[in-house]
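Here's the structure, in structure tokens; my notes come after.
Number of protein chains: 2
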Amino acid sequence: MTADEAAALIQNADIVGFSGFTPAGAAKEIPTAIARRATAEHADGRDFKIGVVTGASTGDSLDGELARAHAVLFRTPYQSDHSLRAAINKGETKFFDMHLSVLPQQARYGFLGKIKYAVLEAAAVSDDGEIVLTTSVGATNTFCGVADQILIELNQRHPAELHGLHDIYQPLDPPHRREIPVYTCSDRIGSPTLKVDPAKIAGIVLTNRADEVGSFKETDAVTAQIGENVARFLADELIAGRIPPGFLPVQSGVGNIANAVLGALGANPNIPPFSMYSEVIQDSVIGLMQCGEITFASATSLTVSPSILDEIYADLEFFKQRMVLRPQEISNHSEVVRRLG
Amino acid sequence: MTADEAAALIQNADIVGFSGFTPAGAAKEIPTAIARRATAEHADGRDFKIGVVTGASTGDSLDGELARAHAVLFRTPYQSDHSLRAAINKGETKFFDMHLSVLPQQARYGFLGKIKYAVLEAAAVSDDGEIVLTTSVGATNTFCGVADQILIELNQRHPAELHGLHDIYQPLDPPHRREIPVYTCSDRIGSPTLKVDPAKIAGIVLTNRADEVGSFKETDAVTAQIGENVARFLADELIAGRIPPGFLPVQSGVGNIANAVLGALGANPNIPPFSMYSEVIQDSVIGLMQCGEITFASATSLTVSPSILDEIYADLEFFKQRMVLRPQEISNHSEVVRRLG
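Heads up: the protein sequence lines correspond to chains V and Y, in order.
According to the working numbering, the first sequence is numbered sequentially starting from 1.
According to the working numbering, the second sequence is numbered sequentially starting from 1.
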């Protein structure tokens, strides 16, 4: 199926759940085709806007293209795109800011309306509906569960050997929920593949487009000093006995400063090798894994520069032993975060 | 020991952890005596101020008396006393507002400084250090664990038959924490008594003073309408299938409006009997338990009017089967709240 054929299935006012958490693993071909379709419909004088739900922010070919085509009816739970922000501020697009870990439950409850399509990027798909995801999980598993139909972008830039990187686990909703049995960053509690009803797969679009992750700025004097200060503070707390001798898992934010802080933590001789329970794995984590400073990283997305992703794919077995990508319902869940420290 | 003898043990700048979550179960005799002591010390030209840590707000004989005696160096995690608020706003008392469920862990970590004394109200104390608490748990268990010494107000207004009302459970700190195994409001996971090292008990003060809980205002036309609206909204959600047929546990706030809402929920024929996972059990819960509309209530304090408390104590076996008081670390924990719904 072509992306335009896939886009032709989607009707005005449909609500679509897209893969992606940051540009990592975000759908690209189909949203771009939906934007083209919206432009054509508008030129013919017809309404065409869809509800856009994803894991978090996405890349330009999703949030940017759809916003510039005036094709976004509403958007949740989070975005950071220039064009989309303008549409939201003009009141053209409704936006609801939501805690990322509660989005999947709200989608299952139907609070976002009926999700008609799940559009996702995959590294591999089997005939019986087992999908290997790419560089993020986000809320893709939930969207596939609640959607009537599933459209897949099979992206050949990502090797099928990503099988084993992901841990797909979805808790039952209250009042049937049990504990989320993650006790260390590296615990695996689910399945390496996303299992969907193969009858719901409406089409597969082949592509080779890279994640739209920009390169990080090099650490400068200011961010280096921030990183230095945070690392020294934590090292001092460790020496004072207020952090256990084994250190505790780190949750880092996203961006140039978080990148600099992680670098400084890795370089500080008073901080032992540590693990991460975070939502995003960034560039600096990879270098620290290679030199053994980071022993394990759990996240929902692998948001790294193109050249770093190439490095990872060139040594995939090494990195698969040291990272896991989880649904954002687990990576960002207060239960696990409070438990780990 | 008299309260003044107990107060004489406490020195300027000591940090004291008091029982109490709202006025329920708050220490009364010893804080009042500490306030007297502070006034006398100040009259003699000496400094005398203590750090005051409790579960939440307390009664006038704790926060009010100590504030008016200019005896509070700092206060955390929450207060609602008129005199203390004035001292905080003047800068005389330092105040830190903290999520109530994280306070115990921060006390164990030492982030509040060294807690020298735990001062608590008890309904019974055994020779081997098993304590039956009164109308709240709050952070009392943690204060007893971290304090050097323990001072007890044995309050004969509360029957020793309260044994079995409480469920004392304290999780291990990260990285050793496991799940908190509460899956329904009525699950009991700990001990009915608070077990302390008997060697740490520095004294016991006998008292008979009632909790300083004011009576609620009667529901008026406005609060009744608010209650009515909330109950109708929830009943409609139930009918629409967005709340499971068995309903979900309710978490109510504190005050006249929460009281009115609970009353309206109980009176609405479309809402089935329900359970509560909350921090405070208020007056209206008791009537709804008697008529079977509330099947179980879990909280950290029983903050009811004096006449309602008499009613509960007159039929204690009935109510002990329908309520549990937990440490605030459990009643207010995001893990359990997210799990229950």
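Ideal Cβ placement from N, Cα and C applies to all residues, glycine included.
Here the structure is a predicted model, which means the values were calculated and not measured.
Check, Outcome
"Contact between the segment 106-119 of chain Y and the segment 327-334 of chain Y (3+ Cβ pairs under 8 Å)", "no"
"Assigned secondary structure, alanine 267/Y (DSSP; H/G/I helix, E/B strand, else coil)", "helix"
"Inter-stretch contact at 8 Å, needing at least 3 Cβ pairs: the segment 244-253 of chain Y / the segment 168-182 of chain V", "yes"
"Selected residue, minimal CA-CA separation from leucine 262/V, among Ala240/V, Asp236/V, Thr300/V and Thr219/V", "Thr219/V"
"Secondary structure of histidine 343/Y, DSSP reduced to three states", "Outside the displayed span of chain Y (1 to 341) sits residue 343/Y, for which this structure offers no information."
"Simplified DSSP assignment, three categories, for leucine 340/Y", "helix"
"Chain Y contact for glycine 20/V (CB, 8 Å cutoff)", "no"
"Within chain V, the residues that leucine 248/Y reaches when beta carbons sit closer than 9 Å", "Pro174 and Pro175"
"Between the CA atoms of serine 57/Y and isoleucine 346/Y - distance to the nearest angstrom", "There is no way to answer for residue 346/Y, as the model of chain Y reaches only from 1 to 341."
"Complete beta strand (DSSP E) runs within the segment 226-289 of chain Y (minimum length 3 residues, chain order)", "274-277"
"Run of the alpha helix (DSSP H) containing lysine 320/Y, from where it starts to where it stops", "316-320"
"Cβ contact (3+ pairs, closer than 8 Å) linking the segment 178-189 of chain Y and the segment 124-137 of chain Y", "no"
"Glycine 17/Y, buried or exposed, once every other Cβ within 10 Å from all chains shown has been counted against 16", "buried"
"Threonine 58/Y, DSSP secondary structure in three states", "coil"
"Own chain residues within Cβ distance below 6 Å of glutamate 121/V, not counting five before or after", "Ser19, Gly25, Ala27, Thr134, Glu153 and Asn155"
"Test item: CB-CB of alanine 118/Y and alanine 147/Y under 8 Å", "yes"
"Proximity test, Cβ basis, 8 Å: glutamate 335/V and chain Y", "yes"
"Residue-level contact to chain V via CB, glutamate 179/Y, 8 Å cutoff", "yes"
"Burial state of aspartate 14/V, where buried means 16 or more other Cβ atoms lie within 10 Å", "buried"
"Which residues DSSP lists as bridging alanine 299/Y, in chain order", "Leu325/Y"
"Beta carbon of isoleucine 201/V nearer than 8 Å to that of isoleucine 168/V", "no"
"Classification of isoleucine 239/V by the beta-carbon crowding that lies within 10 angstroms, buried from 16 upward", "exposed"
"Ordered list of beta strand (DSSP E) runs contained in the segment 114-168 of chain V, each at least 3 residues", "115-125, 130-133 and 149-155"
"Contact set between arginine 339/V and chain Y, taken where Cβ atoms lie within less than 8 Å", "Pro174, Arg177, Arg178, Glu179 and Glu335"
"Nearest residue (CA-CA) to alanine 297/V, options Ile115/V, Leu9/V, Thr303/V and Ser186/V", "Ser186/V"
"6 Å CB neighbourhood of isoleucine 308/Y in its chain, flanking five on each side removed", "Asp283 and Ile286"
"Assigned exposure category for lysine 114/V - 16 Cβ within 10 Å defines buried", "exposed"
"Below-8 Å beta-carbon distance, arginine 242/Y vs any chain V residue", "yes"
"CA-to-CA distance, methionine 98/Y to threonine 32/Y, given in whole angstroms", "25 Å"
"Three-state secondary structure assigned by DSSP to lysine 195/V", "strand"
"Rounded straight-line distance, which links the Cα of proline 273/Y to that of glycine 292/Y", "7 Å"
"Residues from the segment 141-175 of chain Y in contact with chain V, defined by Cβ distance under 7 Å", "Pro174 and Pro175"
"Leucine 340/Y to serine 252/Y span [Cα, whole Å]", "14 Å"
"Any chain V beta carbon closer than 8 Å to tyrosine 78/Y", "no"
"Opening and closing residue of the alpha helix (DSSP H) in which isoleucine 349/Y lies", "Lying before the first or after the last residue shown, residue 349/Y is absent from chain Y, which here runs from 1 to 341."
"Buried/exposed call for proline 77/Y, threshold 16 Cβ in 10 Å", "buried"
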